[in-house]
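Numbering (my numbering), first residue to last: 23 to 243.
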């Protein structure tokens, strides 16, 4: 019987890993609890020579729709070892990894997805009027269609993609509340949210996205 690979690097980082219901991930890799995996750690971070993961359960769940896009999701705690490049402070890659425990997937509402998008966008959006709108929306003071239209016009005039996508997510949320068609709009909300997040990360990769995710789910209004 072929022996299992052993983890050789002593530098350990706590990680969160997503798999499908069969504990498989992209590139056909099969995972099991307490079974280490080792790869070369060479080439592009998005390629098969890295073992991909996230820093927190919230970020993993929020980013799944446009990253791994795994259906029938399962979530695990684990340890990453060896080389560790970051993808704009959102994703990690290790050359060695082991899963240690399955955990519950956070229940993130559509409102919280939109809050996360807006919180991210205003970290880099310089339009002062648009940022006033974010305060109004986040507080729950005014989420009316009229104000959303005003915010979208401001975003278009500013030409800032993150602002446009964040308002787009908020508008789609408004549609779900008016039409009660949650499933129809859910994909669009999550896609707009993730586009906002990744463009924000390109503009300012040092943002603490994990802290913003915590803020987004702290209170739902």
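Idealized CB from N, CA, C, for every residue including glycine.
Residues that DSSP places opposite residue 240 in a beta bridge: Its beta-bridge partners do not exist; DSSP assigns none.
Spatial distance of residue 25 from residue 103 (CA atoms): Since pLDDT at residue 25 reaches only 40, below the 50 mark, its modelled position is unreliable, and the value read off the structure follows with that caveat. CA-to-CA, the gap between residue 25 and residue 103 works out to about 19 Å.
Under the three-state DSSP convention, the category residue 149 falls into: Note: residue 149 maps to coil in three-state DSSP.
Spatial neighbours of residue 184 in its chain, beta-carbon cut-off 8 Å, leaving aside the 5 residues before and after: So the list reads 142, 143, 146, 147, 218, 221, 222, 225, once near-sequence residues are dropped.
Residue 182 classed as buried or exposed, judged by whether at least 16 other C-beta atoms fall within 10 angstroms: Only buried fits residue 182, as 16 or more other CB atoms lie within 10 angstroms of its CB.
Own chain partners of residue 117 with C-beta closer than 6 Å, once the 5 adjacent residues on each side are dropped: Leaving aside the five residues that flank residue 117 on each side, the residues in its chain whose CB is nearer than 6 Å to its CB run, in chain order, 61, 63, 104, 105.
CA nearest to the CA of residue 123, picked from 138, 132, 100: It is 100.
Per-residue DSSP class, three states only, for residue 68: Note: residue 68 maps to coil in three-state DSSP.
Helix, strand or coil at residue 217 [DSSP, three-state]: The three-state secondary structure of residue 217, taken from DSSP, is helix.
Distance, residue 155 Cα to residue 189 Cα: Distance between the alpha carbons of residue 189 and residue 155 is about 10 Å.
Delimiting residues of the beta strand (DSSP E) encompassing residue 73: Residues 73-75.
Neighbour-count burial assignment, residue 135, 16 or more Cβ in a 10 Å radius: Only buried fits residue 135, as 16 or more other CB atoms lie within 10 angstroms of its CB.
Euclidean distance between Cα positions of residue 42 and residue 98: Roughly 11 Å between the two C-alpha positions.
Residues of its chain near residue 173, where Cβ-Cβ distance is below 7 Å and the 5 sequence neighbours each way are ignored: Annotation for residue 173: 152, 155, 189 place their beta carbon closer than 7 Å to its own, counting only its chain and skipping 5 residues before and after.
Coarse secondary structure for residue 112, derived from DSSP in three states: Coil at residue 112, not helix or strand.
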